[in-house]
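Novice:
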Amino acid sequence: MGQQIPSPADDLPPAYSPPTVPTQTQSHNDDDLLRPTVCHDTILGGRPYHSLSSATRATSTVTLWPEYSQDASVLADFIKEHTSQPPRPHLSIHGEHSDSGGSKNNNSKVADFDFKIDLTRSVIPHEDSADWTYTSCVSDSDGQKAYRGGRWRSRSSGPSAPSGRIALPTDDTELPADTDLEAGNNDIPSETTSEAEIKMWSARFCNDPAAVKSFTITRTLSNFDYDVLRRELTGHLRSLNYEGTIRIDPALLGSRVTVYSPHWINKLRNNAFVFWACIILQLWILTWPVIWLLEKRYEVVRAQWLFSRTRFEHTGERINEHSVRVIRHTTYAAGKDEMGVAEMWAPVVRQAAWEKKLDGCTLVEDEILALKARDVERRTRAQTGGNEWVERTQAVMGVARGLMGVPGGSITTGGRGGWGRDRNNSSNGSLTVSTGNSRWSINL
Numbered sequence: 001m002g003q004q005i006p007s008p009a010d011d012l013p014p015a016y017s018p019p020t021v022p023t024q025t026q027s028h029n030d031d032d033l034l035r036p037t038v039c040h041d042t043i044l045g046g047r048p049y050h051s052l053s054s055a056t057r058a059t060s061t062v063t064l065w066p067e068y069s070q071d072a073s074v075l076a077d078f079i080k081e082h083t084s085q086p087p088r089p090h091l092s093i094h095g096e097h098s099d100s101g102g103s104k105n106n107n108s109k110v111a112d113f114d115f116k117i118d119l120t121r122s123v124i125p126h127e128d129s130a131d132w133t134y135t136s137c138v139s140d141s142d143g144q145k146a147y148r149g150g151r152w153r154s155r156s157s158g159p160s161a162p163s164g165r166i167a168l169p170t171d172d173t174e175l176p177a178d179t180d181l182e183a184g185n186n187d188i189p190s191e192t193t194s195e196a197e198i199k200m201w202s203a204r205f206c207n208d209p210a211a212v213k214s215f216t217i218t219r220t221l222s223n224f225d226y227d228v229l230r231r232e233l234t235g236h237l238r239s240l241n242y243e244g245t246i247r248i249d250p251a252l253l254g255s256r257v258t259v260y261s262p263h264w265i266n267k268l269r270n271n272a273f274v275f276w277a278c279i280i281l282q283l284w285i286l287t288w289p290v291i292w293l294l295e296k297r298y299e300v301v302r303a304q305w306l307f308s309r310t311r312f313e314h315t316g317e318r319i320n321e322h323s324v325r326v327i328r329h330t331t332y333a334a335g336k337d338e339m340g341v342a343e344m345w346a347p348v349v350r351q352a353a354w355e356k357k358l359d360g361c362t363l364v365e366d367e368i369l370a371l372k373a374r375d376v377e378r379r380t381r382a383q384t385g386g387n388e389w390v391e392r393t394q395a396v397m398g399v400a401r402g403l404m405g406v407p408g409g410s411i412t413t414g415g416r417g418g419w420g421r422d423r424n425n426s427s428n429g430s431l432t433v434s435t436g437n438s439r440w441s442i443n444l
């Protein structure tokens with residue numbers, strides 16, 4: 001009997017302590033979970049963009065720093081620095097249920113967990129990322145539809161713009177005419193944007209005599225399927241017997257940065273009090289048309305980052321008279337596909353939901369490592385059985401947790417297990433406690 005006590009702790013499931021996995025590999029996996037330690041993406045005078053859309057507020061930044069719109073060299077350096085840094089893909093994970101509070105007319109939403117995770121290092125390589133990014137600028141008369149210093153999107157810069165295309169001195173190619181600057185392009189051209197191109201657009205913007213003007217830089221993440229992460233992480237959350245509503249929303253932080261000229265109109269439009277006053281008092285009906293008439297917009301630079309790249313190899317084998325067999329090869333920037341990213345984050349997401357994290361903030365390094373360790377410990381304890389005293393203790397703790405609304409309780413209401421279900425007047429049922437072969441039910 002003395003030898004049976006330590007046996008559950010010694011016989012850990014292979015999924016949690018594989019002897020063949022070296023420590024260095026585990027450390028690398030943990031690094032992929034952490035947020036970037038160094039960020040050179042500095043924006044002088046940066047502030048959140050005011051919008052009715054929470055997604056737009058989270059992903060967009062504005063600045064009215066005077067030198068950005070007055071000194072072409074300063075703006076060019078800012079563009080090069082900003083496009084060399086990747087955007088920050090995040091996932092917002094939220095769980096909630098409805099609670100009537102005993103009233104027929106009251107049906108409020110109660111949050112069970114609410115937190116965010118930063119996927120940047122999980123989907124974008126830490127080093128040597130130059131092969132997975134491309135910065136493009138529109139050129140004069142290239143046919144791309146973009147804001148080129150006017151009120152409307154246009155396919156040319158107008159008669160006042162210098163003639164000629166913007167390209168590398170040794171390059172004879174340009175983007176296809178049907179390429180949309182804002183739609184993204186999965187096929188990255190081999191050429192890179194030269195400093196001369198960025199300097200040319202910077203000078204054109206700074207020399208524009210318009211008092212109200214803006215220059216927007218866009219960053220995108222291509223070939224990444226958020227739906228795979230949403231589906232897989234939802235499955236892991238359901239494995240906790242969670243019965244509430246799960247919402248997993250992606251956000252690409254830093255996807256848009258807009259430089260505004262320091263005109264008083266731009267200062268007012270980016271003032272939180274003025275913005276919301278215009279919305280509440282319906283003054284936007286007058287102010288927004290005026291801004292649209294006065295503003296000259298530039299949206300000509302886009303930095304595109306790839307999560308994966310696919311190439312096709314012709315085998316020479318003919319399938320039929322009109323087609324041949326090809327092999328598809330897909331490589332991933334961070335060495336893992338969407339399923340791999342989801343499985344890597346699953347322990348952290350499970351434990352954060354289990355502990356009811358409700359601050360709505362992005363998990364930081366200490367939290368991530370601690371949550372991952374506690375998930376392993378919790379799942380190991382859950383698989384420990386055969387001890388009647390332990391089962392009775394867990395049952396009592398489950399009752400207490402259930403009564404206090406803490407997840408993990410072994411309480412079922414109305415004959416159903418789990419936590420986070422909607423609560424209303426018709427949810428009265430039974431309180432069921434099970435330990436081994438014993439089962440008690442109390443009518444509520």
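For the sequence shown, UniProt numbering gives the first residue as 1, with consecutive numbering after it. We put the beta carbon where it would ideally sit given N, CA and C, even for glycine.
1) Taking the straight line between their C-alpha atoms, what separation do you get for Asn207 and Ile124?
2) How would you write the range of the beta strand (DSSP E) that residue 520 sits in, first residue to last?
3) For Val138, which three-state DSSP category applies?
4) Looking at the secondary structure, which residues open and close the beta strand (DSSP E) in which Lys116 lies?
5) To the nearest angstrom, how far is it from the Cα of Asn424 to the Cα of Gln351?
6) Is DSSP giving Lys213 helix, strand or coil here?
7) Can you tell which of Leu268, Ala55, Val376 has the C-alpha that lies nearest to the C-alpha of Thr287?
8) Spatial neighbours of Pro48 within its chain, please: C-beta separation below 7 Å, excluding the five flanking residues on both sides.
9) Give me the Cα-Cα distance between Phe275 and Ser255, rounded to the nearest whole angstrom.
10) Report yes if the CB atom of Ser261 is closer than 9 Å to the CB atom of Leu64, and no otherwise.
11) For Ile291, which residues in the same chain have their Cβ closer than 8 Å to its Cβ, ignoring the five residues on either side in sequence?
12) So the candidates are Thr120, Lys80, Leu229; which of them puts its Cα closest to the Cα of Met339?
13) Looking at the unbroken beta strand (DSSP E) that takes in Val301, where does it start and where does it end?
14) DSSP puts Pro89 in a beta bridge; with which residues?
15) Just grab the DSSP bridge partners of residue 450 for me.
16) Could you pull out every residue in the same chain whose Cβ sits closer than 8 Å to the Cβ of Lys80, ignoring the five residues on either side in sequence?
17) Identify which residue in Lys145, Gln85, Lys109 has its Cα closest to the Cα of His126.
18) Determine the direct distance from the alpha carbon of Thr258 to that of Ala203, and round the result to whole angstroms.
19) Considering only C-alpha positions, which residue in the set Gly244, Asp227, Thr133 is nearest to Lys109?
20) Grab me the residues of Asp337's own chain with a C-beta within less than 6 Å of its C-beta, minus the 5 sequence neighbours each way, in chain order.
21) Mind reading off the beta-carbon distance from Val301 to Thr135? Whole number of angstroms is fine, and I expect it under 8 Å.
22) Can you tell me the Cβ-Cβ gap for Trp379 and Ala303, rounded? I've got them flagged as a contact below 8 Å.
23) Starting from the Cα of Ile246, find the closest Cα among His94, Leu281, Trp152 and give me that residue.
24) With a threshold of 6 Å on Cβ separation, who are the neighbours of Asp32 within its own chain once the five nearest residues in sequence on each side are excluded?
25) According to DSSP, simplified to helix, strand and coil, what is Glu127?
Specialist: In short:
1) Position 207 of the sequence shown holds residue 207. Position 124 of the sequence shown holds residue 124. Taking the Cα positions, Asn207 is about 36 Å away from Ile124.
2) A query on residue 520 cannot be resolved here, the shown segment of the chain reaching from 1 to 444 and no further.
3) In the sequence shown, the residue the question calls residue 138 occupies position 138. In the structure shown, the three-state DSSP call for Val138 is coil.
4) Position 116 of the sequence shown holds residue 116. Run containing Lys116: 108 to 118, per the beta strand (DSSP E) assignment.
5) Here residue 424 corresponds to residue number 424 of the sequence shown, with the count starting at 1. Here residue 351 corresponds to residue number 351 of the sequence shown, with the count starting at 1. One alpha carbon belongs to Asn424, the other to Gln351, and they sit about 27 Å apart.
6) Numbered from its first residue, the sequence shown carries residue 213 at position 213. Lys213: strand per DSSP, three-state reduction.
7) Taking the sequence shown and counting its residues from 1, the one referred to as residue 287 is at position 287. Here the closest residue by C-alpha is Leu268.
8) Position 48 of the sequence shown, counting from 1, holds the residue named residue 48. Arg57, Thr61, listed in sequence order.
9) To locate residue 275, count along the sequence shown from 1; it is residue 275. To locate residue 255, count along the sequence shown from 1; it is residue 255. If you take the alpha carbons of Phe275 and Ser255, they lie about 22 Å apart.
10) Translated into positions along the sequence shown, residue 261 becomes position 261. Translated into positions along the sequence shown, residue 64 becomes position 64. For the pair Ser261 and Leu64, the CB atoms are nearer than the 9 Å cut-off.
11) Residue 291 sits at position 291 when you count from the first residue of the sequence shown. So the list reads Val212, Ile265, Arg269, once near-sequence residues are dropped.
12) As a position in the sequence shown, residue 339 is number 339, starting the count at 1. The residue with the shortest Cα to Cα distance from Met339 is Leu229.
13) One-based indexing of the sequence shown puts residue 301 at position 301. For Val301, the enclosing beta strand (DSSP E) covers residues 296 to 306.
14) Against the sequence shown, residue 89 aligns to sequence position 89. Answer is Leu252.
15) In the structure displayed, the chain extends from 1 to 444; residue 450 sits before or after that span and is not available.
16) Residue numbering aside, residue 80 sits at position 80 when the sequence shown is read from its first letter. Within its own chain, the residues whose Cβ lies closer than 8 Å to the Cβ of Lys80, once the five positions on either side in sequence are excluded, are Glu195, Ile198, listed in chain order.
17) Residue numbering aside, residue 126 sits at position 126 when the sequence shown is read from its first letter. Answer by Cα proximity: Gln85.
18) Counting from 1 along the sequence shown, the entry for residue 203 is found at position 203. Counting from 1 along the sequence shown, the entry for residue 258 is found at position 258. Straight-line Cα distance between these residues: approximately 16 Å.
19) Translated into positions along the sequence shown, residue 109 becomes position 109. For Lys109, the nearest C-alpha among the options comes from Gly244.
20) Residue mapping note: residue 337 aligns to position 337 of the sequence shown, counting from 1. Cβ neighbours of Asp337 beyond the five flanking positions: none.
21) For the purposes of this step, residue 301 is taken as the residue at position 301 of the sequence shown. For the purposes of this step, residue 135 is taken as the residue at position 135 of the sequence shown. A Cβ-Cβ distance of about 7 Å is found for the pair Val301 and Thr135, placing them in contact under the 8 Å criterion.
22) The count along the sequence shown starts at 1 and reaches residue 379 at position 379. The count along the sequence shown starts at 1 and reaches residue 303 at position 303. Reading the sequence as shown, one finds Arg at residue 379 and not Trp. Under the criterion of beta carbons closer than 8 Å, Arg379 and Ala303 do not qualify as touching, at roughly 40 Å.
23) Locating residue 246 in the sequence shown gives position 246, counting from the first residue. Closest by alpha carbon: His94.
24) Looking up residue 32 in the sequence shown gives position 32. Excluding sequence neighbours, Asp32 sits near Arg121, Ser122.
25) Looking up residue 127 in the sequence shown gives position 127. The answer is coil: DSSP assigns Glu127 none of H, G, I, E or B.
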